[in-house]
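Right, one structure below, let's go through it.
Spelled out as structure tokens, the structure:
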């Protein structure tokens, strides 16, 4: 008796499960987009994924494994889109095969932070002095060149403890790109990249590692990304821009930097727009990109992907400032619209 | 007849059962070399471009420049070996002391809480230990430990240079905190397994407590203690997160323990995710291969060294 009942129950359960599975599969199979890459925009992408899933039912799985990993997975075509804080090289694009599109999502900035007892936010840094600090040539806080830019501040005769990122990061990439633009010696001796051979200083792992060392070591100086500096209320320096102004790093000065660089942003958006024109532009800023193929293999997924990117560069932008990213300027969004309209699947354009 | 046949049947069964059991165990034992073997092959394949390009130069040069595609692993090997050695130097005597206390001297009511706390220490994730390192250990080392060392032992090149807090010394300290539980847990267990008769015999001969421990307990537990030390060493060599958070991450070889350094696991963890370019990735994998070799070499060396020390003739002769 009991055995019978158990069998019946098991059968009923199995039927129910099967029926349920089939009916839900028939009703709708939700589109799932997989992406991987940069850690810097992760808070924003995860917010987008949450909001977008609620609005449209399209699920976006984003794994923040780092820009390098994102590019590798994108080339291997194991993800639907990649994400990176640095543009792909020509060599990588050749490896990927096919038309590769870099779609800018938001902009971020790199902030100079320091710990000089008695000195608060607002130290002024000239580009050449900054480069020489990281080259080890300006080694004291009371170096005449630093004093010249900060005449109202009493700077001590202490050694500058330079702190940089030890992990490969887009933040380092933007920063070293900037230093390469403003210092010929930096360009030839060190160069730019996610990791470089630092001439001096300590390495901290991640923004929190750099911030930790700077906060606790008197006379330390390092760089972190804008969002991290703002949320953690770290003291920050003003940096002299191309127009000769000392500008504080803020969301709006980062936005001004994108504006100032607009004319020089190339057709494929693959550019570090550090040291741009513009009176109020903060000079150490850069994009974070989503990488997609111009020819999508799957029309359904492809359609979902470009629709998501359209949404992200339009409605999605309103979530950027609260998460401390600088949104894209309107004129750039207009250009991105045209780019997104070139994406095809099986020869047909995916957007009208 | 019937019973005899039955008996034989049972024995036959037992034999086939034995054969299966034998086979099963052999397969299990083979799994470990198999895993290591495939690992080595996979590493060799992935590291091949860098091995071809740099060959032995990789092992003896000190420049690590991803921009110029120049890679030398020597400072990382140095950092890995020295930080682990430093950790063992602190953790082994400390851990053995705790173990002897726990197995020989402790009053019963105190044993459980202490063992529990030690095991708890082993369960803390390394990233948490690393954060504790950044926020507690590093400031203490910078403001207290390093100035004190400099004042008392500053004539040694080991303790020169500006006290930064992050560096080789702090890495050794944090590693020792992480490996002490391994030493304590394993060696306490083996010391407690020493038969009481062994101790009673020593005491009957008039040995003091320390003499009993030294002549009766420690030699008996020797192989277990060795195992504990190797476990600790393996853990120290491979530890990544906590080390990278406090070591300063500068690939350089300096005599001073105050100077920042770098380890192989740390550089792999730090740079692999963002490494683009085939040679760069291959160089990082090559570094991983070197770590494997360093681990084997350090283990062999430690075995040799500890064997010498513990198996000293004096213990048996006395």
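Residue numbers (my numbering), protein chains in the order written: chain E, 1 to 352; chain F, 353 to 670. Even for Gly, the Cβ is constructed at its ideal location relative to N, Cα and C. Since the structure is predicted, the reported quantities are computational estimates derived from the model, not experimental observations.
Interface partners of residue 397 of chain F on chain E, CB under 7 Å: At a C-beta separation below 7 Å, residue 397 of chain F has no neighbours in chain E, since its nearest C-beta there lies roughly 16 Å away.
Short-range partners of chain E found in the stretch 492–526 of chain F, where Cβ spacing is below 8 Å: Listed by position, the residues of the stretch 492–526 of chain F near chain E (Cβ gap below 8 Å) are 494, 514, 516, 517 and 518.
Stretch pair the stretch 224–237 of chain E + the stretch 259–266 of chain E: three plus CB contacts closer than 8 Å: Remark: fewer than three beta-carbon pairs, one from each stretch, lie closer than 8 Å, so the stretch 224–237 of chain E and the stretch 259–266 of chain E are not flagged as touching.
Among F:491, F:431, F:409 and F:373, the one whose alpha carbon lies nearest that of residue 592 of chain F: The residue from F:491, F:431, F:409 and F:373 with its alpha-carbon nearest to that of residue 592 of chain F is F:431.
Three or more C-beta pairs below 8 Å linking the stretch 214–225 of chain E and the stretch 287–299 of chain E: Pairwise C-beta distances place the stretch 214–225 of chain E out of contact with the stretch 287–299 of chain E, as fewer than three of them are shorter than 8 Å.
The stretch 398–409 of chain F contacting the stretch 630–642 of chain F, beta-carbon criterion three pairs below 8 Å: Flag = yes, the stretch 398–409 of chain F and the stretch 630–642 of chain F touch.
Through-space distance from residue 626 of chain F to residue 169 of chain E, alpha-carbon basis: Cα to Cα, the separation comes out at about 6 Å.
Element boundaries [alpha helix (DSSP H), containing residue 270 of chain E]: Annotation for residue 270 of chain E: no alpha helix (DSSP H) segment contains it, and DSSP assigns it neither H nor E.
Residue 91 of chain E burial status per 10 Å Cβ neighbour count (16 or more: buried): Residue 91 of chain E is exposed by the Cβ-count criterion.
Reduced DSSP secondary structure (H/G/I, E/B, other) of residue 240 of chain E: Residue 240 of chain E falls in the strand class under three-state DSSP.
Contact set between the stretch 593–611 of chain F and chain E, restricted to residues whose Cβ is under 7 Å from the partner: Correct list: 596, 597, 600, 601 and 602.
C-beta neighbour in chain A for residue 658 of chain F, strict 8 Å: The displayed structure is made up of protein chains E and F, and chain A is not among them.
C-alpha gap between residue 551 of chain F and residue 378 of chain F, whole angstroms: Distance from the CA of residue 551 of chain F to the CA of residue 378 of chain F, rounded to the nearest whole angstrom, comes to 39 Å.
Any 3 or more C-beta pairs closer than 8 Å across the stretch 306–320 of chain E and the stretch 40–59 of chain E: Touching, yes.
Residue burial classification, residue 146 of chain E (beta-carbon count within 10 angstroms, cutoff 16): By the neighbour-count rule (16 or more Cβ atoms within 10 Å), residue 146 of chain E is buried.
Residue 194 of chain E beta carbon less than 8 Å from that of residue 177 of chain E: Their beta carbons are not under 8 Å apart, which means residue 177 of chain E does not touch residue 194 of chain E by this criterion.
Minimum C-alpha distance to residue 119 of chain E - residue among E:79, E:151, E:188 and E:137: The shortest C-alpha separation from residue 119 of chain E is found at E:151.
Interface residues of the stretch 413–436 of chain F facing chain E [CB-CB below 9 Å]: Hits within the stretch, in order: 415, 416, 417, 418, 419, 420 and 422.
Separation of residue 588 of chain F from residue 124 of chain E, as counted between CA atoms: Separation of residue 124 of chain E and residue 588 of chain F (C-alpha to C-alpha, rounded to the nearest whole angstrom) is 43 Å.
Meets three-Cβ-pair contact criterion under 8 Å: the stretch 525–544 of chain F and the stretch 479–490 of chain F: Enough Cβ pairs lie closer than 8 Å, so yes.
Positions along the stretch 148–165 of chain E whose CB lies within less than 8 Å of some CB in chain F: Correct list: 159 and 161.
Pair within 8 Å by beta-carbon distance, residue 437 of chain F and residue 519 of chain F: Between residue 437 of chain F and residue 519 of chain F, the C-beta spacing is not below 8 Å.
C-alpha distance - residue 608 of chain F paired with residue 600 of chain F, whole-angstrom precision: Straight through space, the alpha carbons of residue 600 of chain F and residue 608 of chain F are spaced by roughly 13 Å.
Under 8 Å between C-beta atoms of residue 490 of chain F and residue 449 of chain F: At the C-beta level, residue 490 of chain F and residue 449 of chain F stay beyond 8 Å of one another.
For residue 423 of chain F: DSSP bridge partner residues: Per DSSP, F:416.
Proximal residues, the stretch 185–207 of chain E versus chain F, C-beta separation under 8 Å: Of all residues in the stretch 185–207 of chain E, 190, 191, 192, 193, 194, 195, 196, 197, 198, 201, 202, 203, 204 and 205 have a Cβ within less than 8 Å of some Cβ in chain F.
Chain E contacts from the stretch 617–635 of chain F (Cβ-Cβ distance under 7 Å): The stretch 617–635 of chain F vs chain E, Cβ under 7 Å: 622, 623, 625, 626, 627 and 628.
Reference residue 426 of chain F, options F:411, F:384, F:435 and F:509, closest by Cα: Per the C-alpha coordinates, the member of F:411, F:384, F:435 and F:509 positioned closest to residue 426 of chain F is F:411.
Classification of residue 457 of chain F by the beta-carbon crowding that lies within 10 angstroms, buried from 16 upward: The residue is exposed, with fewer than 16 neighbouring Cβ atoms inside 10 Å.
Contact residues within the stretch 563–589 of chain F, judged by C-beta distance below 9 Å to chain E: Cβ contacts with chain E come from no residue of the stretch 563–589 of chain F.
Coarse secondary structure for residue 310 of chain E, derived from DSSP in three states: Assignment of residue 310 of chain E by DSSP, reduced to helix, strand and coil, places it in the helix class.
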